[in-house]
Structures are given as C-alpha cells and as structure tokens.
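*Asks:* At position 90 of the sequence shown the residue is numbered 1030 (this note's numbering), and the sequence of numbers has no breaks.
Structure incoming, see below.
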Amino acid sequence: MNDSPFEIIDGDSNIGLVLLADHATNHLPAEYGQLGLPESAFARHIAYDIGIEGLTRKLAAQLGVPAVLSRFSRLLIDPNRGEDDPTLIMRISDGAIIPGNHPISQKEWRHRLETYHRPYHGAVSQVISSVAAATGKAPLVISLHSFTPTWKGTPRPWHITVLWDSDHRAVHPLLSAIGAIPGVITADNEPYDGALRGDTMFRHCMTAGIPHALIEVRQDEIGDEAGIALWAARLAPILSDLNATADLHTYQTFPSRTGSY
C-alpha cells in the first residue's frame, strides 16, 4: 500500500470544483495482512467502490480539477462514516465476517482513526479550503461512489443515482442533466439515503453550507476501462456546466434531516 492514507490529485483550484473518492481502493497496510479474509473478498464491494478510482482520475484529468482519494480499504476503517458511527470499523459486511476487526481493542480503534481516517479528512479539508481561498467563493464538491447491481438477489435498475440530505442546489440540476442521457435510469437517494450524520458530505459540506452532491454509479457500468471512459465522457460536461452556475458557489446552510448541528 502507498504509505499515505490519501492521495491528492493536483488541479486548478481557480476552477472551483473538488472531487472526492472515499472508497477509492482496496489496499491494506502490510501489517494487517488480509484481516483474516480470503483474497477474493478484496475484489468485492465490501472492500472498496469498484470502478471509482479510475472514474475519479479520468474526471479530474478531463476537468483539470483537484481530487482527494483514500488509499486504504473501507474494511480497515470507513472514511465515509462519522467517528462515533458504530459501522466505522465493520465486524461483518454483506455476510463476510472480518476476523481482523473483531475483537478490536480501543487502542487499535484509536490507531486506525488517527493514522488513516483523520489524515484523509484533513486532506479533504485542506483541498476544499485551498479552492475556497483561490476563488474567494464556496467550492462545488462532488463525491463519487459505486453500488452493486443487485442486493440480496434483487436487481437494482438504476445506472447512476444522486444522494443528498437537504441541500438541493446541486442535486436537482444534476439529476435533470443525468436523466436526459438517452437510455439512462436515475433516481435520487437510491439505493441509499444520502442523509448520514457524520459522513463526508455532512462533515465537510452540510455543516459548512457548501454546495455538493454524492454520485453513485452502478458497478457493472464502470467495471472496466471502456465503462469508465464512457461515464467520464458523460459526466465531465455535466459537471463543468454545473460548476459554471454562480448559485453553486455561495455558502448557505440547510437543516440536516439527521437532526440539529
């Protein structure tokens, strides 16, 4: 694994757009081995968001904007969870028991927070702040994730979805643009609800009044280089147009559906 728990892709801060990939890789530090799991587990969604590293890199390159990618598997500790979330370090995920996570000492829990989770979020804060300083305005933040084609035997029909809490500013035009792509099925807050207290969007955007959206792409859509290239080509002009909207570079705090700040 890369020694750093994050990677920052350089880009032009003056553009005003930031990309995030919380679950970019399935990497584990050598000292953790495979957390007691078979190697096959690390090809599954329980370890990372399949296709998202490639999509984020391609979008960052095409748009010329900075991006932050995690460099550790969500099986080690999930960067898209709040520090007090009980699913921060999973003991079982989609039927897979994770021996290296149970039992776990408070010392090890703190070590993973301090060594991986907090530095990643420090990098996210740093990039968002640098873009805000360069433009003198609120940045637009787009978080990229992927979801499985089926769940517990039930097919998921959407090709791409948008998750959000209550800040609709970027969400509604994004859904409209994605929905206009021929043959593409989309939805909002599917297959998950975007209101998750303490997650990356809550922590860095909702509490600060920064416009944002979380995009979920179905994994079979970006499971190879051709799919990644197709979706990058589709999303790059949409995100560019979205970023050109003046209203998406102002600070406005919305009440969270998860409760008071």
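Note that the Cβ used here is the ideal one computed from N, Cα and C, for glycine as well.
Would you mind sorting Trp1171 into buried or exposed? The rule is 16 or more other CB atoms within 10 Å of its CB.
*Replies:* buried
*Asks:* Using CA atoms only, rank isn't needed, just tell me which of Leu1188, Ala1176, His1189 and Tyr1191 is closest to Leu1003.
*Replies:* Ala1176
*Asks:* Is the stretch 1022-1036 in contact with the stretch 962-974, if contact means three or more CB pairs nearer than 8 angstroms?
*Replies:* no
*Asks:* What does the alpha-carbon distance come out to for the pair Phe1012 and His963?
*Replies:* Rounded to the nearest whole angstrom, the C-alpha separation of Phe1012 and His963 is 8 angstroms.
*Asks:* Can you give the Cα-Cα distance for Ile1032 and Val1005, rounded to whole angstroms?
*Replies:* Distance from the CA atom of Ile1032 to the CA atom of Val1005, rounded to whole angstroms, is 36 angstroms.
*Asks:* Do Gln1046 and Pro1089 have their C-beta atoms within less than 8 angstroms of each other?
*Replies:* no
*Asks:* Expressed to the nearest angstrom, what Euclidean distance is found between the alpha-carbon atoms of Ala1127 and Val1064?
*Replies:* 27 angstroms
*Asks:* Is the beta carbon of His1057 sitting closer than 8 angstroms to the one on Ile1017?
*Replies:* yes
*Asks:* Following a CB-centred definition, is Ala983 positioned closer than 7 angstroms to any heavy atom of the ligand SAH?
*Replies:* No copy of the ligand SAH occurs in the structure displayed, which carries no ligand at all.
*Asks:* Pull up the CB-CB distance for Val1157 and Gly991, whole angstroms please, since I reckon it's below 8 angstroms.
*Replies:* Cβ-Cβ separation between Val1157 and Gly991: approximately 7 angstroms, consistent with a contact (criterion under 8 angstroms).
*Asks:* Could you round the C-beta distance between Tyr1132 and Pro945 to whole angstroms and report it? I think they count as a contact, below 8 angstroms.
*Replies:* About 24 angstroms; that fails the 8 angstroms criterion.
*Asks:* Helix, strand or coil, according to DSSP, for His1085 in the structure here?
*Replies:* strand
*Asks:* Comparing alpha-carbon positions, which option in Glu993, Ile1118, Ile1029 and Thr1190 lies nearest Thr1075?
*Replies:* Cα-wise, what sits closest to Thr1075 is Thr1190.
*Asks:* Would you identify the three-state DSSP class for Ala1172, choosing helix, strand or coil?
*Replies:* In the three-state scheme derived from DSSP, where H, G and I count as helix and E and B as strand, Ala1172 is classed as helix.
*Asks:* Across which residues does DSSP place Arg1096 in a beta bridge pair?
*Replies:* Its beta-bridge partners do not exist; DSSP assigns none.
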